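A.B. asks: Have a look at the structure that comes next, please.
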């Protein structure tokens, strides 16, 4: 359960304040009651001493006058419990409720006793035994009745001021805590929103509170973290750029080596053919290899500038693969490799970057030719490379399948074959397949390999364009 921080501040303080107020109120209530009782008893004791020490008869008039002085009512009863005199202006009525109560023999022993009812009014009763002033041998009892309402009013007058002050203090504590907690809660809420914004990649600085406290320190720390994230992101981008440039540089050397090898083979073939009569296209093949080298160099120079957007367009895979096969056919012939290209009957169009896709296809074909050549050198038989384009019936993809008669990658590289710098060739840098896989994935496709019937197959799956997929 979520507990807002304002309640975490307020609830403990309010509980402590209310508990303190309750304890203080109970103490002052008890103290006010005791003080009021003591004061009233001392007052009644003084009146009782005056009445007991006087020699004049206790008549209604005398008791009435004393009632105004003491703030209490007086009822004098004889030994049979019948009223003899009273301070009441009206008839006393039934005084049976006054009988049977403790009676003090001396004025200083007078104390407030039980609450009794007389003429519909509740009184605290205090009784004093007195001699009969009329000359009789019997004793009389003077009942002093202090109104319960006056008693309560008296002790409440003492108790209420500190109670009201305490309640006002609690209210002030609540309001102050609410104000402070609301401010802290508001600042923390704003910081929480800003931190979420930082998590979403927006590293602009947050607003720093004006009050110099922990919330200001927290906001400054958040801004410092945001700046560090900006610096870290910039550093990461620079590192990634350097890493990419390093990979591209290695790939450039790889491509230049392949193209230069093709040029050398074409020139050697031309030298052999020139000894015979007839026209040949060896010089044209050499020019094509040189053009391939120039195109690869231009492509990598553009990639080194890290263009933010790929130049995707509608590509006819049948035409693209056919052109690339024409560039390497002379190299395959010179190496004694049968290069078989099985184009589909209809054009096969996909949305991709033609230069990157050309690089991927060329990498697969050259790797297959190299594997077939190594196998041919070992067995003494001609190797072969077969290139096919097939439609995938399960999804709107076209599959480029490059098969060769080579031995295939060693088992130790089967899991990491598409990782950068992984190669089983002494002169290889291990970038061709890694780059090819990245290109396939950037097009929304995939690159896999497997061994089937003693031949190695690399399968690159590429999504068809929407129009081509509709006609598939």
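In the working numbering, the protein residues as written are 184 to 655.
Positions of the beta carbon are idealized from the N, C-alpha and C atoms, including for glycine.
Remember, it's a predicted structure, so these values are computed and weren't measured experimentally.
#1: State the DSSP-derived secondary structure class of residue 580, mapped to helix, strand or coil.
#2: Does the beta-carbon of residue 550 have 16 or more other beta-carbons within 10 angstroms, so that it is buried, or is it exposed?
#3: Name the two residues that bound the continuous alpha helix (DSSP H) containing residue 370.
#4: Under 8 Å, do residue 357 and residue 207 count as touching if we go by C-beta distance?
#5: Given residue 521, which residues of its chain have a CB within under 8 Å of its CB, disregarding the five upstream and five downstream residues?
#6: State yes or no: is the C-beta of residue 572 within less than 8 Å of the C-beta of residue 544?
#7: Measuring CA to CA, which of 345, 623, 616, 189 is closest to residue 360?
#8: Out of 531, 535, 539, which one is the CA nearest neighbour of residue 574?
#9: Since I believe residue 547 is in contact with residue 643 (beta carbons under 8 Å), could you give me their beta-carbon distance rounded to a whole number of angstroms?
#10: Taking the runs of the beta strand (DSSP E) that are 3 residues or longer, which of them lie wholly in the region 191-242?
#11: Could you check whether residue 323 and residue 287 sit closer than 8 Å to each other, using their CB atoms as the reference points?
#12: Note the first and the last residue of the continuous beta strand (DSSP E) segment covering residue 541.
#13: Is it true that the CB of residue 293 sits closer than 8 Å to the CB of residue 306?
#14: Whole-angstrom Cβ separation of residue 308 and residue 281, contact assumed at under 8 Å?
#15: Assuming residue 624 is part of the alpha helix (DSSP H), what are its boundary residues?
#16: Would the beta-carbon of residue 409 fall within 8 Å of that of residue 386?
#17: Counting along the chain, where does the alpha helix (DSSP H) carrying residue 511 start and finish?
#18: Determine the direct distance from the alpha carbon of residue 399 to that of residue 391, and round the result to whole angstroms.
#19: What span of residues does the beta strand (DSSP E) with residue 156 cover, start to end?
#20: For residue 268 and residue 241, which I take to be in contact (beta-carbon distance under 8 Å), what is that distance rounded to the nearest angstrom?
#21: What residue from 512, 533, 415 has the CA that sits closest to residue 647's CA?
#22: From the DSSP output, in three-state form, read off residue 263 for me.
#23: With DSSP run on the structure shown, which of helix, strand or coil describes residue 250?
#24: Buried or exposed for residue 326, going by 16 or more other Cβ atoms inside 10 Å?
#25: Below 6 Å CB to CB, which residues in the same chain sit around residue 227 once its five sequence neighbours on both sides are set aside?
#26: Starting from residue 634, trace the beta strand (DSSP E) in both directions and tell me its first and last residue.
#27: Since residue 616 contacts residue 623 with CB under 8 Å, what's their CB separation in whole angstroms?
#28: Mapping DSSP to helix, strand and coil, what is residue 245?
#29: Leaving aside the five residues before and after residue 580 along the sequence, list all residues of the same chain whose C-beta is less than 7 Å from its C-beta, in chain order.
#30: Starting from residue 300 and walking both ways along the beta strand (DSSP E), at which residues does that stretch end?
#31: When DSSP labels each residue in this structure, what does residue 282 get in the three-state scheme?
#32: Nearest to residue 370 by CA position, among 381, 389, 355, 354, is which residue?
#33: Does the beta-carbon of residue 598 have 16 or more other beta-carbons within 10 angstroms, so that it is buried, or is it exposed?
#34: Could you tell me the distance, in whole angstroms, from the CA atom of residue 402 to the CA atom of residue 349?
#35: One question on the structure: do residue 500 and residue 626 come within less than 8 Å of each other, judged by their Cβ atoms?
C.D. replies: In brief:
#1: Against the chain shown, residue 580 aligns to sequence position 397. Residue state, collapsed to three classes: strand.
#2: Within the chain shown, numbered from 1, the residue matching residue 550 stands at position 367. Classification of residue 550: buried, given that the 10 Å Cβ count is 16 or more.
#3: Start at 1 with the first residue of the chain shown, and residue 370 comes out as number 187. In the DSSP annotation of this structure, the continuous segment of the alpha helix (DSSP H) that includes residue 370 starts and ends at 331-382.
#4: Stepping through the chain shown from its first residue, residue 357 is reached at position 174. Stepping through the chain shown from its first residue, residue 207 is reached at position 24. Not in contact: residue 357 and residue 207 (Cβ atoms no closer than 8 Å).
#5: Along the chain shown, one-based indexing puts residue 521 at 338. Here the set comprises 515, 565, 566, 567, 568.
#6: Locating residue 572 in the chain shown gives position 389, counting from the first residue. Locating residue 544 in the chain shown gives position 361, counting from the first residue. No.
#7: As a working mapping, residue 360 is identified with position 177 in the chain shown. When each option's Cα is compared against that of residue 360, the closest is 189.
#8: Sequence index remark: in the chain shown, residue 574 carries index 391 (1-based). Of 531, 535, 539, the residue nearest in Cα terms is 531.
#9: In the chain shown, the residue the question calls residue 643 occupies position 460. In the chain shown, the residue the question calls residue 547 occupies position 364. Confirmed, about 7 Å.
#10: none
#11: Here the question's residue 287 lines up with position 104 in the chain shown. Here the question's residue 323 lines up with position 140 in the chain shown. Cβ distance not < 8 Å, so residue 287 and residue 323 don't count as in contact.
#12: Position 358 of the chain shown, counting from 1, holds the residue named residue 541. Looking at the DSSP string, residue 541 is not in any beta strand (DSSP E); the run it does join, the alpha helix (DSSP H), is 537-562.
#13: Translated into the one-based positions of the chain shown, residue 306 becomes position 123. Translated into the one-based positions of the chain shown, residue 293 becomes position 110. Cβ distance not < 8 Å, so residue 306 and residue 293 don't count as in contact.
#14: By 1-based counting over the chain shown, the position of residue 308 is 125. By 1-based counting over the chain shown, the position of residue 281 is 98. Indeed they touch by this definition, with Cβ atoms about 7 Å apart.
#15: As a first step, residue 624 is located in the chain shown; it is residue number 441 there, counting from the start. Counting along the chain, the alpha helix (DSSP H) containing residue 624 begins and ends at 615-625.
#16: In the chain shown, residue 409 corresponds to position 226, counting from 1. In the chain shown, residue 386 corresponds to position 203, counting from 1. Yes.
#17: Residue 511 sits at position 328 when you count from the first residue of the chain shown. That run of the alpha helix (DSSP H) goes 500-517.
#18: Residue numbering aside, residue 391 sits at position 208 when the chain shown is read from its first letter. Residue numbering aside, residue 399 sits at position 216 when the chain shown is read from its first letter. Cα-Cα distance, rounded: 6 Å.
#19: As shown, the chain starts at 184 and ends at 655. That puts residue 156 outside it, with no answer to give.
#20: Translated into positions along the chain shown, residue 268 becomes position 85. Translated into positions along the chain shown, residue 241 becomes position 58. The pair is a contact, with the Cβ atoms about 5 Å apart (cut-off 8 Å).
#21: Residue mapping note: residue 647 aligns to position 464 of the chain shown, counting from 1. The option with the nearest alpha carbon to residue 647 is 533.
#22: Residue numbering aside, residue 263 sits at position 80 when the chain shown is read from its first letter. DSSP places residue 263 in coil when its eight states are reduced to three.
#23: What you label residue 250 is simply residue 67 of the chain shown in a count that begins at 1. In this structure, residue 250 counts as helix in the three-state DSSP scheme.
#24: Locating residue 326 in the chain shown gives position 143, counting from the first residue. Classification of residue 326: buried, given that the 10 Å Cβ count is 16 or more.
#25: Residue 227 sits at position 44 when you count from the first residue of the chain shown. Hits under 6 Å: 293, 309, 327.
#26: Numbered from 1 along the chain shown, position 451 holds the residue referred to as residue 634. It spans 629-635 - the beta strand (DSSP E) in which residue 634 sits, taken as one unbroken run.
#27: The sequence position of residue 616 within the chain shown is 433, counting from 1. The sequence position of residue 623 within the chain shown is 440, counting from 1. In fact, because the Cβ distance is near 10 Å, the residues do not count as touching under 8 Å.
#28: Taking the chain shown and counting its residues from 1, the one referred to as residue 245 is at position 62. Residue 245 falls in the helix class under three-state DSSP.
#29: For the purposes of this step, residue 580 is identified with residue 397 of the chain shown, where counting begins at 1. Within the same chain, residue 580 has close Cβ partners 628, 644, 645, 646, 647.
#30: As a working note, residue 300 is residue 117 in the chain shown. Segment 298-301, the beta strand (DSSP E) holding residue 300.
#31: Indexing the chain shown from 1 puts residue 282 at position 99. Shown here, residue 282 sits in coil according to DSSP, grouped into three states, outside any helix or strand.
#32: Numbered from its first residue, the chain shown carries residue 370 at position 187. The candidate whose alpha carbon is nearest that of residue 370 is 389.
#33: Your numbering for residue 598 matches position 415 in the chain shown. It is exposed - the Cβ of residue 598 has fewer than 16 other Cβ atoms within 10 Å.
#34: Looking up residue 402 in the chain shown gives position 219. Looking up residue 349 in the chain shown gives position 166. The straight-line gap from Cα to Cα measures roughly 38 Å.
#35: Locating residue 500 in the chain shown gives position 317, where the first residue counts as 1. Locating residue 626 in the chain shown gives position 443, where the first residue counts as 1. No, these two residues do not count as a Cβ contact at 8 Å.
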